[in-house]
Structures are given as structure tokens and as C-alpha cells.
Amino acid sequence: MRLHHLHEWPMTVDEAEAVQERLRGLVKVGGTIPRPRTVAGLDVAYEEDSGRLAAAISVLDAETLDQVDESILTGSTDFPYVTGLFAFRELPSLIRALQELRTRPDLLVVDGHGLAHPRRFGLACHVGVLTDLPCIGVAKTSLGRYEPPGPARGDWTPLRIGEDVVGRALRTQDEVKPVFVSVGHKLDLEVAARLTLWLSPRYRLPETTRHADHLARAALAG
DNA sequence: GCGACAG
DNA sequence: ATCTTGTCGC
849 MRLHHLHEWP MTVDEAEAVQ ERLRGLVKVG GTIPRPRTVA GLDVAYEEDS
899 GRLAAAISVL DAETLDQVDE SILTGSTDFP YVTGLFAFRE LPSLIRALQE
949 LRTRPDLLVV DGHGLAHPRR FGLACHVGVL TDLPCIGVAK TSLGRYEPPG
999 PARGDWTPLR IGEDVVGRAL RTQDEVKPVF VSVGHKLDLE VAARLTLWLS
1049 PRYRLPETTR HADHLARAAL AG
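Structure (C-alpha cells):
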């Protein structure tokens, strides 16, 4: 898969924030996906010591949610974990995994935020701009403020940072903690939320994320 | 100013 | 992210 703007790579925290400010203008907000045939989940697993990591991508049939492709690799990280600069920690390995994918998915689902980010350019936006593919951010915790949504699957409330509505707190199953959905690239928030619900028929997290998580953990072990 | 803070 | 006991439920 062909990727764009790979020359935009920082060495320091200041440079990293500058890259985000520069690339944020390339995010396309809005739109729908006519008929997604395949959906890819991206995730990275870490080993507490030695900075070893495994990146995994699982591509599922959007209709049956059966896996049709995968890409797994192990590596290491040098960029420290800094809230807001999360992308620069996971992106190098995710990029390699994307390039080794046999197929080009119709949609990407990232384990983290898109627009629900301090500079409105979270990992899901970054991956979306690099690939120019529609991309959704689905995170397990929030960086913004929200009121608890209703108790039923499908209930949601707006997620805000400052005055901006940057995403949704979405209940994907009855009586479970909500997930935090935001636009990454090339779709609108309503579509992102609808797709997230579709991809989460049984558990709190989307099947794409769960599959990728399993693959990444297995790769670290074996 | 202080605390909180995706994974 | 990862470390973990017991507990509840299919």
C-alpha cells in the first residue's frame, strides 16, 4: 500500500507537535462509505521491559466479520509515551504492517482517538492521512468531557474538548462502559458511530480491534 | 497555577 | 500498555 507524507517525521516533542499542526489541515471530515467490503483493525502490544512490541492488522469481511487478511510484525520503539503524541510511538511499526498487507481495506479502525485529540490530530487522523483511507478512532478512555450515555446499546452523548464536539461516548453493549468514537478521516461522526456499532455485535470493543489485539499479543509470546 | 492525560 | 485474585455467567 502506498503511503503519503512519510517525510514528515520528528525527532523531538516540539517537532512532533509541529508535524501534527501541519498535517491536521489534510484531514477530510465528512462523507460516508457506500459499501465497505473489508475493514481493518490496527493494534500494538508491548512488553514491559526492553521496549519490544508487536504490531498487528486484521482485515475482516465487513459483512460476516470473518478474517480475510492479516499482517503481523515485531519491532521496538524509541519514542516515549506522551499523551497527545501517541502516534509517534506506534506509527513506525503500524506503517510497516500496512505496507505488508496484501489487500487495501475499505475502512480502518484504530485503537485510539481521531479528532478527539488536543490538536484534533490523533492517531486515527494520522493513519487516515498517510493511507488516504476512511478511518475511525475507537478509544477505551477519553481525553475530553462527556455526560454518561443511557444504559442501552446504541445510546450516546457528545464528547467535548473545550467548546468543540470532537466525538461521541457510545454504549456498544447494554450496561457496559462506553467507548469513545471520533472521526479519523474521510467520514462523518454519525457514520463512524454507526459503523462502530455494526463492528461490535457482541463485545464492548469492535471485532477489528479484538482480532488485532489477539494477533499482536500472540506475536509477542511466540 | 494545578491536575488530568489515547496506549 | 502491562501486572493480577476472585467472581460471575454462558
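Going by our numbering, the letters in the first sequence line up with residues 849 to 1070, in that order. Think of the CB as a built atom: it goes at the ideal place given N, C-alpha and C, for glycine as much as any other residue. Source: prediction; values computed, not measured.
Query: DSSP three-state assignment for Ile943, whether helix, strand or coil; Result: helix
Query: Inter-stretch contact at 8 Å, needing at least 3 Cβ pairs: the stretch 950-964 / the stretch 854-867; Result: no
Query: Enclosing alpha helix (DSSP H) for Pro1044 [first to last residue]; Result: The sequence shown places Thr at residue 1044, rather than the Pro named in the question. Taken as a continuous stretch (DSSP letters only), the alpha helix (DSSP H) holding Thr1044 covers 1037-1046.
Query: Inter-residue Cα distance where the pair is His974 and Asp1036; Result: 16 Å
Query: Runs of beta strand (DSSP E) wholly within the stretch 923-992 (minimum 3 residues, chain order); Result: 955-958, 983-987
Query: Cα-Cα separation, Trp857 to Thr979; Result: 16 Å
Query: 8 Å Cβ shell around Asp914 - same chain, five flanking residues per side excluded; Result: Leu908
Query: First and last residue of the uninterrupted alpha helix (DSSP H) at Arg1065; Result: 1055-1069
Query: Ala864, DSSP secondary structure in three states; Result: helix
Query: DSSP state of Arg850 mapped onto helix, strand, coil; Result: coil
Query: Three-way DSSP call (helix, strand, coil) for Leu921 in this model; Result: strand
Query: Reduced DSSP secondary structure (H/G/I, E/B, other) of Arg900; Result: strand
Query: Reference Leu981; option with closest CA among Thr880, Gln868, His1062, Arg870; Result: Thr880
Query: Three-state secondary structure assigned by DSSP to Gly878; Result: coil
Query: Beta carbon of Asp954 nearer than 8 Å to that of Val1039; Result: no
Query: Alpha-carbon to alpha-carbon, Lys1025 and Ala1000; Result: 11 Å
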